[in-house]
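Working notes, beginning with the structure itself.
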Amino acid sequence: MTPTPSKQSLPEPKRKLPMASLTPALARHPQDGWTFADPYPMSERYVRMFHAIITILCPPPPAPLTEDMVTRIERHVRGFMMYMHPLTGRGLWLSFILLDWAPRFLFMSTKRLSQMERSQADRVINRFTTSRWMPVRLLVVGIRGSVLSAYFDTDEVHQRLKYKPIAFMKERIELRHDLMSETALAAQ
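First residue of the sequence shown: 505, per my numbering; consecutive thereafter.
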């Protein structure tokens, strides 16, 4: 068994984690200086189409969904797209457009998805998800995943689900402190 080194023999940390000391509260959206990326560039026409697709993909009432939430979800997804590789971001953008035009491609309607009623749009999306071709199914998975991850991260949904991630956040902070403690550094 190796003896633990004294405090004087421990090396000084080479880096500091500034956010750990600046965020004493467990707020979901702390004002800690973090800036979000600019939204992925889209014309107003595509933003309107994107809003309609978000509304269709989010759970129906009684689940919470307001116009403000749709705008925040759109902003979140477009900001997330800026962190992607440029080809991946462009591919997701094209996937939204392809999904919007899917009713015409599938000869199900002369309307685009963003112009359809929810029940009709659900049938089109269901047809995509039951396709024989895996790339078509994966296209819907990527679109749904990007939209629903932003939806389920909103405060309104957390309130409706009675979900409070404070205990989880405290557990992760304690784990980080344990990993960064002197005994963990000494073991290295």
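Even for Gly, the Cβ is constructed at its ideal location relative to N, Cα and C.
Straight-line Cα distance separating residue j from residue i
| i | j | result |
| --- | --- | --- |
| C562 | P607 | 19 angstroms |
| L683 | E675 | 12 angstroms |
| R594 | M638 | 20 angstroms |
| I601 | R664 | 31 angstroms |
| I629 | I677 | 40 angstroms |
| H681 | Y655 | 31 angstroms |
Neighbourhood of residue i by C-beta distance below 7 angstroms, restricted to the same chain and skipping five residues each side
| i | result |
| --- | --- |
| F672 | none |
| Y544 | R582, M585, M586, G593, W597 |
| W605 | R616 |
Cutoff 8 angstroms; reference residue i; Cβ partners in own chain excluding five residues on either side
| i | result |
| --- | --- |
| G660 | Looking at the sequence provided, one finds Glu at residue 660 rather than Gly. Within the same chain, E660 has close Cβ partners P568, T570, M573. |
| R552 | S618 |
Supposed close pair residue i, residue j - CB separation, criterion 8 angstroms
| i | j | result |
| --- | --- | --- |
| F554 | G583 | Actually they do not touch by this definition, with Cβ atoms about 13 angstroms apart. |
| I558 | L603 | The Cβ separation is near 11 angstroms, so there is no contact. |
| R641 | S635 | 6 angstroms |
Contacts around residue i, its chain only, beta-carbon distance under 6 angstroms, and the 5 residues preceding and following it disregarded
| i | result |
| --- | --- |
| A625 | I560, L617 |
Selected residue, minimal CA-CA separation from residue i, among the options
| i | options | result |
| --- | --- | --- |
| E578 | F632, M612, S613, R648 | R648 |
| D542 | P564, M620, P565, H580 | H580 |
| P588 | S650, D657, K668 | Note on identity: in this sequence residue 588 is Met, with Pro being the wrong assignment. Here the closest residue by C-alpha is S650. |
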